[in-house]
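Some notes on the structure that comes next.
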Amino acid sequence: MSTDNPPASVDDADREFDAAELQALRERVDDLESSMADLDDGDTQKKMTIVATQGSFDMAYPPLILGSTAAAFGWDVVVFHTFWGLDILHEKKSKNLKLSAVGNPNMPVPNALAAIPGMDRMATRMMEKKIDENGTATIEELIDLSIESGVDLQACQMTIELMDYDEDDFYDGVTTGVGAATALQHMAESDIQLLV
Numbered sequence: 003m004s005t006d007n008p009p010a011s012v013d014d015a016d017r018e019f020d021a022a023e024l025q026a027l028r029e030r031v032d033d034l035e036s037s038m039a040d041l042d043d044g045d046t047q048k049k050m051t052i053v054a055t056q057g058s059f060d061m062a063y064p065p066l067i068l069g070s071t072a073a074a075f076g077w078d079v080v081v082f083h084t085f086w087g088l089d090i091l092h093e094k095k096s097k098n099l100k101l102s103a104v105g106n107p108n109m110p111v112p113n114a115l116a117a118i119p120g121m122d123r124m125a126t127r128m129m130e131k132k133i134d135e136n137g138t139a140t141i142e143e144l145i146d147l148s149i150e151s152g153v154d155l156q157a158c159q160m161t162i163e164l165m166d167y168d169e170d171d172f173y174d175g176v177t178t179g180v181g182a183a184t185a186l187q188h189m190a191e192s193d194i195q196l197l198v
């Protein structure tokens with residue numbers, strides 16, 4: 003005869019389960035479910051990244067309007083300004099952005115006339131007059147609105163150095179010192195990525 007204990011019946015196996023262990027397991031499952039619910043709630047905010055590469059008068063508006071509108075809907079918005087797009091955030095240069103008359107298919111003059119010196123300034127004045135008459139926000143007002151709305155207006159560090167700008171040249175609230183890697187990380191996490 004064997005000295006080993008006889009095999010336990012199914013009922014005996016169930017009874018071996020300690021009530022305290024079972025309660026601890028249930029509590030752990032509840033904690034994990036609660037943690038998962040918290041994670042799901044945190045992922046509902048949409049993200050948008052806009053890369054602004056052009057610094058003409060008319061191209062300053064799209065990233066600022068789209069960014070501030072998305073922020074008004076509660077989105078996490080970054081507008082990464084690089085190369086000529088950096089002039090939009092440059093406090094002095096943003097006040098002198100011009101609308102190019104050459105190559106613009108919507109200009110009511112042929113390219114030969116649009117190339118005449120002074121035509122860009124005239125086209126810009128015409129657009130500024132329209133904006134004023136319509137009550138449309140200026141570039142400066144849109145920058146202020148964007149910052150107040152929580153839009154992260156970023157200035158590309160490499161372009162700041164390339165253009166020999168100083169970080170103090172930009173509007174208050176602009177994020178300077180941002181590299182391409184940081185911009186790419188936000189793009190990778192974004193629901194919408196735009197190149198303007």
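Here my numbering is used: the first residue of the sequence shown is 3, the next is one more, and so on.
Ideal placement from N, C-alpha and C gives every residue a C-beta, glycine not left out.
* **I118 classed as buried or exposed, judged by whether at least 16 other C-beta atoms fall within 10 angstroms** => Classification for I118: exposed.
* Asked: Are the region 154 to 164 and the region 77 to 88 in contact at 8 Å, needing three or more beta carbon pairs?
  -> yes
* Thinking C-beta only, is F85 closer than 7 Å to T51? -> no
* Can you round the beta-carbon distance between D170 and K48 to whole angstroms, since I take them to be within the 8 Å contact cut? -> Wrong, their Cβ atoms sit about 33 Å apart, outside the cutoff.
* What number of angstroms, rounded off, separates the C-alpha of D134 from the C-alpha of S36? -> 53 Å
* Asked: What distance in whole Å lies between the Cβ atoms of A72 and A103, which are believed to be in contact at a cut-off of 8 Å?
  -> Contact flag wrong, Cβ pair sits at about 31 Å.
* Asked: By a C-beta neighbour count over all protein chains shown, 10 Å radius and 16 as the cutoff for buried, is P65 buried or exposed?
  -> Buried, by the Cβ-count rule.
* Where does the unbroken alpha helix (DSSP H) through K49 begin, and where does it stop? -> Here K49 belongs to no alpha helix (DSSP H); instead the beta strand (DSSP E) covers 49 to 54.
* Asked: If you scan the region 102 to 142 from start to end, which runs of the alpha helix (DSSP H) of 4 or more residues do you find wholly inside it?
  -> Qualifying alpha helix (DSSP H) stretches, in chain order: 113 to 116, 121 to 136.
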